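Asker: Numbering (the numbering used here), first residue to last: 50 to 423. Built from N, CA and C at the ideal position, the CB exists for glycine as well. The structure displayed is predicted, hence computed values, not measured ones.
1) Please report how far the alpha carbon of residue 178 lies from the alpha carbon of residue 217, in whole angstroms.
2) Please state the DSSP three-state secondary structure of residue 188.
3) Verify whether the separation of the beta carbon atoms of residue 172 and residue 251 is less than 8 Å.
4) Classify residue 380 as helix, strand or coil using the three-state DSSP reduction.
5) When DSSP labels each residue in this structure, what does residue 147 get in the three-state scheme?
6) Taking the C-alpha atoms as reference points, what is the distance between residue 303 and residue 357?
7) Mapping DSSP to helix, strand and coil, what is residue 170?
8) Between the segment 117 to 129 and the segment 86 to 95, can you find at least three pairs of beta-carbon atoms closer than 8 Å?
9) On the premise that residue 392 lies in contact with residue 362, defined as a C-beta separation below 8 Å, what is that separation, rounded to the nearest angstrom?
10) Give every residue of the same chain whose Cβ lies closer than 6 Å to the Cβ of residue 370, excluding the five residues on either side of it in the sequence, and list them in chain order.
11) Measure the C-alpha to C-alpha separation of residue 214 and residue 410 and round it to an integer number of angstroms.
12) For residue 469 versus residue 354, is the C-beta spacing smaller than 8 Å?
13) Drop a sphere of 10 angstroms on the beta-carbon of residue 180, count the other beta-carbons inside from all chains shown, and report buried for 16 or more, exposed for fewer.
14) Would you call the CB atoms of residue 367 and residue 383 closer than 8 Å?
15) Mind checking who residue 130 pairs with in its DSSP beta bridge?
16) Could you tell me the distance, in whole angstroms, from the CA atom of residue 419 to the CA atom of residue 287?
17) Pair every Cβ in the segment 185 to 193 with every Cβ in the segment 142 to 158, then say whether three or more of these pairs are closer than 8 Å.
18) In chain order, what residues of the same chain have a beta carbon less than 7 Å from the beta carbon of residue 390, not counting five sequence neighbours either side?
19) Which same chain residues end up closer than 7 Å to residue 294 when comparing Cβ atoms and leaving out the 5 residues on each side of it in sequence?
20) Nearest-angstrom Cα distance between residue 85 and residue 351?
21) With C-beta atoms as the reference, is residue 81 less than 8 Å away from residue 113?
22) Report yes if the CB atom of residue 184 is closer than 8 Å to the CB atom of residue 262, and no otherwise.
23) Distance check for residue 397 and residue 422, CA to CA, integer angstroms please.
24) Closest by CA to residue 155, which one among 222, 296, 121, 245?
25) Return the chain-ordered list of same chain residues with a C-beta closer than 6 Å to the C-beta of residue 413, the five sequence neighbours on each side being excluded.
26) What's the call for residue 169, buried or exposed, on a 16-neighbour Cβ count within 10 Å?
27) Take residue 123 and list the residues in its own chain whose beta-carbon comes closer than 8 Å to its own, dropping the five residues that flank it on each side.
28) Thinking just about the alpha-carbon of each residue, which of 289, 78, 307 is nearest to the one in residue 317?
29) Kindly give me the distance between the Cβ atoms of residue 165 and residue 145, rounded to whole angstroms, as I take these residues to be in contact under 8 Å.
30) What number of angstroms, rounded off, separates the C-alpha of residue 199 from the C-alpha of residue 395?
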């Protein structure tokens, strides 16, 4: 977990893959081209209609680099773009839609970055999801305060935001901390406008077979900029406040791995009664590895929102992985999501194979895919 945070946030352990010409004063700089290709053939059903499709899940292409500034200090940067490989289109508008930043990094003092990045809250438990970056990803229920017609307050917690100022501590006896502030306003706010912002923080500990994480986040919705209601579902309004905390942990013993996460959201939403947006979610997953293969299972539960009875859902997934090499994996999985009578969750939006939620229906999917990291 500690390594994942540092890799995603600062790319401080770069290995040069592409040599570039540079001025004489920058001859210690380097650039790495990297990426992740993840394609699958999915047989999906949203409870009403079935659709078969080729899906791209979090495929990406990026450039990252660093320059040694001396005295243990380095300049670090990254430009990363999501790619929908199923139709050769870019995921999102423009270049750098994923983690894209510039900053300074020191082995003894930590790393400071500016740009667009996953929040520490999101990073804290991403490594625990055994079905991450597939149609069975637990973000269909975790980190969203989401659902559909009756509880559509999505995407506020496990998210990536722009206008980020972040600090990541150096690793100290297995502990790494991170804190980020989201400035929020791209335009000048007038006296009649409200400037939204956000704070996100996480602590992660990893020592041998054990890892633990604790995270907290608060999002203040404004009327302008990147933290306005247009960034989130239309159900949100200016001055709404979305808060959440979560605890995660994992343990590996020989061939067995068990991961778990617990999340509590506490939201002040004008459209709901006081505390009406509060919700409790949790996740449990297990994996058994043998040779180049692994079988895994996971269960995720989203509780009812306090103001909306029967608005929760549950999801389970069963999968098989075959590692063809350290960088290439074949996988097969089945997942099913059971909605309560008042909810309409769909299978996760991290895949282009995601299903659209239909009230009181239970979406499911078979997925057969391949992942390759370069």
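Answerer: This is what the structure holds:
1) Their Cα atoms are separated by approximately 22 Å.
2) Note: residue 188 maps to helix in three-state DSSP.
3) Cβ distance < 8 Å, so residue 172 and residue 251 count as in contact.
4) Strand.
5) In the three-state DSSP reduction, residue 147 falls in the coil class, being neither helix nor strand.
6) Cα to Cα, residue 303 sits roughly 43 Å from residue 357.
7) Note: residue 170 maps to helix in three-state DSSP.
8) For the pair of segments examined, the segment 86 to 95 was found not to touch the segment 117 to 129: the number of CB pairs separated by less than 8 Å stays below three.
9) Correct: roughly 5 Å between the Cβ atoms.
10) Its chain contains 343, 378, 380 as the residues whose beta carbon lies nearer than 6 Å to that of residue 370, once the 5 sequence neighbours on both sides are disregarded; these appear in chain order.
11) The alpha-carbon separation between residue 214 and residue 410 amounts to approximately 41 Å.
12) In the structure as shown, the chain starts at 50 and stops at 423, and residue 469 therefore has no counterpart that could be examined.
13) Counting Cβ neighbours within 10 Å, residue 180 comes out buried, since at least 16 surround it.
14) It is a contact, given that the beta carbons lie within the stated cut-off.
15) DSSP lists 110 as partners of residue 130.
16) Computed Cα separation, rounded: 42 Å.
17) No, the segment 185 to 193 does not touch the segment 142 to 158.
18) Its chain contains 359, 409 as the residues whose beta carbon lies nearer than 7 Å to that of residue 390, once the 5 sequence neighbours on both sides are disregarded; these appear in chain order.
19) Setting aside the 5 residues that flank it on each side, residue 294 is surrounded in the same chain by 264, 265, 313, each with a C-beta closer than 7 Å to its C-beta; the list follows chain order.
20) Taking the straight line joining both Cα atoms gives about 29 Å.
21) Taking 8 Å as the Cβ cut-off, residue 81 and residue 113 qualify as a contacting pair.
22) Cβ atoms of residue 184 and residue 262: not closer than 8 Å.
23) Residue 422 and residue 397: Cα-Cα distance of roughly 22 Å.
24) That would be 121, whose Cα lies nearest to the Cα of residue 155.
25) Apart from the 5 residues on each side of it in sequence, residue 413 sits with its Cβ closer than 6 Å to the Cβ of 94, 385 in its chain, given in chain order.
26) Buried: at least 16 other Cβ atoms inside 10 Å.
27) Here the set comprises 61, 115, 116, 117, 153, 154, 155.
28) Considering only alpha carbons, the answer is 289.
29) Sure, about 7 Å apart at Cβ, within 8 Å.
30) Reliability fails at residue 199, whose pLDDT of 37 lies under 50, so the model's placement of it is uncertain and the value that follows must be treated cautiously. The alpha-carbon of residue 199 is positioned some 13 Å away from that of residue 395.
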